[in-house]
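Trainee: First residue of the sequence shown? That's 152 in our numbering, and the numbers climb one at a time after it.
Supplied in structure tokens, the structure appears directly below.
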Amino acid sequence: MEAKSQLQVHNSLSGQKEKFESIHQEFVGLYVCGPTVYSNVHLGNCRTFVSFDLIYRYLMHLGYKVRYVRNITDVGHLESDEGEGEDKISKKARLEQLEPMEIVQQYTLDFHQVMDRLNALPPSIEPTATGHIIEQIEMIRSILDKGLAYESNGSVYFDVLKYNETHPYGELSGRKIEDLIAGTRELDGQDEKRNPLDFAIWKNASKEHIMKWPSPWGIGFPGWHLECSAMSTKYLGETFDIHGGGMDLKFPHHECEIAQGTAALGVSPARYWLHTNMLTLNGKKMSKSLGNSLLPEELFSGNNELLDKAYGPMVVRFFMMQAHYRSTLDFSSEALGAAEKGFQKLMDAVRKLDQLQVVKESSFDVEAQIESYYAAMNDDFNAPILIANLFESVRYINLIADGKEKINAADLERWKTELKSFIFNVLGLQIESESGNDQFGQVMDLVLEMRQEARSTKNWALSDLIRDRLQEAGIQVKDGKDGASWS
Ligand code: AMP
Ligand code: ZN
Numbered sequence: 152m153e154a155k156s157q158l159q160v161h162n163s164l165s166g167q168k169e170k171f172e173s174i175h176q177e178f179v180g181l182y183v184c185g186p187t188v189y190s191n192v193h194l195g196n197c198r199t200f201v202s203f204d205l206i207y208r209y210l211m212h213l214g215y216k217v218r219y220v221r222n223i224t225d226v227g228h229l230e231s232d233e234g235e236g237e238d239k240i241s242k243k244a245r246l247e248q249l250e251p252m253e254i255v256q257q258y259t260l261d262f263h264q265v266m267d268r269l270n271a272l273p274p275s276i277e278p279t280a281t282g283h284i285i286e287q288i289e290m291i292r293s294i295l296d297k298g299l300a301y302e303s304n305g306s307v308y309f310d311v312l313k314y315n316e317t318h319p320y321g322e323l324s325g326r327k328i329e330d331l332i333a334g335t336r337e338l339d340g341q342d343e344k345r346n347p348l349d350f351a352i353w354k355n356a357s358k359e360h361i362m363k364w365p366s367p368w369g370i371g372f373p374g375w376h377l378e379c380s381a382m383s384t385k386y387l388g389e390t391f392d393i394h395g396g397g398m399d400l401k402f403p404h405h406e407c408e409i410a411q412g413t414a415a416l417g418v419s420p421a422r423y424w425l426h427t428n429m430l431t432l433n434g435k436k437m438s439k440s441l442g443n444s445l446l447p448e449e450l451f452s453g454n455n456e457l458l459d460k461a462y463g464p465m466v467v468r469f470f471m472m473q474a475h476y477r478s479t480l481d482f483s484s485e486a487l488g489a490a491e492k493g494f495q496k497l498m499d500a501v502r503k504l505d506q507l508q509v510v511k512e513s514s515f516d517v518e519a520q521i522e523s524y525y526a527a528m529n530d531d532f533n534a535p536i537l538i539a540n541l542f543e544s545v546r547y548i549n550l551i552a553d554g555k556e557k558i559n560a561a562d563l564e565r566w567k568t569e570l571k572s573f574i575f576n577v578l579g580l581q582i583e584s585e586s587g588n589d590q591f592g593q594v595m596d597l598v599l600e601m602r603q604e605a606r607s608t609k610n611w612a613l614s615d616l617i618r619d620r621l622q623e624a625g626i627q628v629k630d631g632k633d634g635a636s637w638s
């Protein structure tokens, strides 16, 4: 397909848009750093995962087979990203007097439920860090073998300066080693390190530490950065296509992943690094530690003082799609309200599309409309431009309905397929029923749509049968000016 060869992606490594070319013939490898499951995912986290869901969906729409790996971090992520403090999961388990795996289970479940409501597709593989201790130990061994790490007091540290002699450390985040050295502070475990910049790939566990495993260096646990290197290598190969995450992961997490992969295997792990920008609240990054985070559930229920009412998951998803993934997106109740209007307008147009009358010749260039959808998404997954182009199509749908433009049957069929595919498969939107986004409401929407289809082909027997059978089931259908509704 021609559109496939036009895809450009912004690579954080080069700081530029580059033509996308897959390394393997068989599949595109996509790795996204998943959540650390010690608390509920907030709306900011969701933005990153929904952005990668869009990327995953569009790659598949282009015809690629994608192996999408998104991990669950269930050990090793310490309180600070620089590797200080207590393990986030252990700490929560200690405070709540639960098993660490109870914490992991609870928040993994929450994460899955939220992703499901936002209609984000599950990844192909969702590996956990605790399930890959052996692979991590293997990787540490090979880094040690290359002389790029050293053991100290039961911990193993990556030797950043030694690595930097042959490979530039800091290339992804644009940091210079001299500046990094100048900026280092006195940190925990400093006495064990040769240089403050060195980071732990294995940490010696104290007696009280609860999540720990035996290793050649003693009882301990893996460093946070290492899990992604081990799991991406295992499932996608030494070098794969796309590695993603929020831009706050660029340093140190992803920088360290590049160093670990290069040190252990001699090749840089990913060809393209994609980073999403932050969801903000009053201009400040939404984050749990800043105490300004909103939970998706609060939006769906309207249960938060920042909200004037409840918003359905599809409105929230549409709101996220209205900003490019590399731009910040500021949350406000007004912005959600505007997204709701836009979303309804788009859904109304989809309904109208199914009722358009055809003529012999189209009066406008339908192909140009379709091409504009591909052009937007091929330009580094530009969803807001795609939405603007879809609204241009909405204008045409209304003009046809008003008899001011015309369309022939073949054009309409092709347009319907592509337009619906971009709205439902690529943007991942779903028709949200009056009663919310529950499955029953969706099924009812479908039944009413089928009844409408029967009416439009004057199949009165079928449309009456549907109405009567629904009535028997206790559901009243009312036909109104704007279509049917049920109660
Ligand atoms: P964490 O569980 O903290 O490792 O975060 C999971 C993902 O959410 C990471 O890719 C983060 O970069 C991302 N993330 C965290 N806060 C935000 C935010 N305010 N906006 C967008 N993404 C975020
Ligand atoms: Zn990661």
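Virtual Cβ for every residue (Gly too), placed ideally from N, Cα, C.
Quick caveat: nothing in here was measured; it's all calculated off a predicted structure.
Quick check on P274: does DSSP put it in helix, strand or coil?
Mentor: Three-state result, P274: coil.
Trainee: Of the residues N304, G282, T281, Y308, which one's Cα is nearest the Cα of S293?
Mentor: Taking only the C-alpha atoms, the option nearest S293 is Y308.
Trainee: Is M472 near ligand 1 - that is, is its Cβ less than 7 Å away from at least one heavy atom of it?
Mentor: No, the beta carbon of M472 sits no closer than 7 Å to any heavy atom of ligand 1.
Trainee: Buried or exposed, going by whether 16 or more other CB atoms sit within 10 Å of the CB of W611?
Mentor: Exposed.
Trainee: From the DSSP output, in three-state form, read off H475 for me.
Mentor: Coil at H475, not helix or strand.
Trainee: Would you report the Cα separation of P278 and H318, rounded to the nearest angstrom?
Mentor: Going from the Cα of P278 to the Cα of H318 covers about 29 Å.
Trainee: Taking the beta strand (DSSP E) that P373 belongs to, which residues open and close that run?
Mentor: Per DSSP, P373 belongs to the beta strand (DSSP E) from 371-373.
Trainee: Is there contact between the region 196-209 and the region 468-484, where contact requires at least three CB pairs shorter than 8 Å?
Mentor: Contact between the region 196-209 and the region 468-484 is present, because at least three Cβ pairs lie under 8 Å.
Trainee: Taking the continuous beta strand (DSSP E) assigned at T427, which residues delimit it?
Mentor: That run of the beta strand (DSSP E) goes 421-427.
Trainee: Any heavy atom of ligand 2 closer than 7 Å to the CB of G396?
Mentor: Flag set: Cβ of G396 near ligand 2.
Trainee: With a CB to CB cut of under 6 Å and the five nearest residues on each side skipped, what residues in its chain are close to F171?
Mentor: Taken in chain order, the residues that qualify are L158, V160.
Trainee: Throw me the rounded Cβ distance for the P186 and Q287 pair, which I believe falls under 8 Å.
Mentor: No, P186 and Q287 are not in contact; Cβ-Cβ is about 19 Å, not under 8 Å.
Trainee: Could you please go through the chain and list the residues whose beta-carbon is closer than 5 Å to any non-hydrogen atom of ligand 2?
Mentor: Spelled out in chain order, the answer is C184, C379.
Trainee: Run through DSSP, which three-state label would Q622 get?
Mentor: Helix.
Trainee: Rounding to the nearest angstrom, what Cα-Cα distance links D505 and H263 in this structure?
Mentor: About 33 Å.
Trainee: What's the C-alpha gap between N346 and K313?
Mentor: Going from the Cα of N346 to the Cα of K313 covers about 10 Å.
Trainee: Going by beta-carbon coordinates alone, are S231 and H360 separated by less than 8 Å?
Mentor: Contact: no.
Trainee: With DSSP collapsed to three states, give me the class of K385.
Mentor: Reduced to three states, the DSSP call for K385 is helix.
Trainee: Between the C-alpha atoms of L299 and L249, what's the straight-line distance to the nearest angstrom?
Mentor: Approximately 38 Å between the Cα atoms of the pair.
Trainee: Excluding the five sequence neighbours on either side, which residues of its own chain have a C-beta within less than 8 Å of the C-beta of N304, listed in chain order?
Mentor: Answer for N304: E343, N355, listed in chain order.
Trainee: Using 8 Å as the Cβ pair cut-off and three pairs as the minimum, do the region 453-463 and the region 480-488 touch?
Mentor: The answer is yes - the region 480-488 touches the region 453-463, with three or more Cβ pairs under 8 Å.
Trainee: Locate the beta strand (DSSP E) running through N196, then write down its first and last residues.
Mentor: Careful: N196 lies outside any beta strand (DSSP E), inside the alpha helix (DSSP H) at 194-212.
Trainee: What residues in its chain sit with their C-beta under 6 Å from that of K297, if we drop five residues either side in the sequence?
Mentor: Around K297: A414.
Trainee: Which residues mark the beginning and the end of the alpha helix (DSSP H) in which Q508 is found?
Mentor: Segment: none, Q508 is in no alpha helix (DSSP H) and carries neither H nor E.
Trainee: What residues in its chain sit with their C-beta under 6 Å from that of L210, if we drop five residues either side in the sequence?
Mentor: Here the set comprises V179, V217.
Trainee: Identify which residue in D562, E153, E556, A519 has its Cα closest to the Cα of L541.
Mentor: Nearest C-alpha to L541: A519.
Trainee: Select from A526, N559, H193, I548 the residue whose C-alpha is nearest the C-alpha of S509.
Mentor: First, the amino acid is wrong: residue 509 is Val here, not Ser. Looking at the Cα atoms, N559 is the closest of the given residues.
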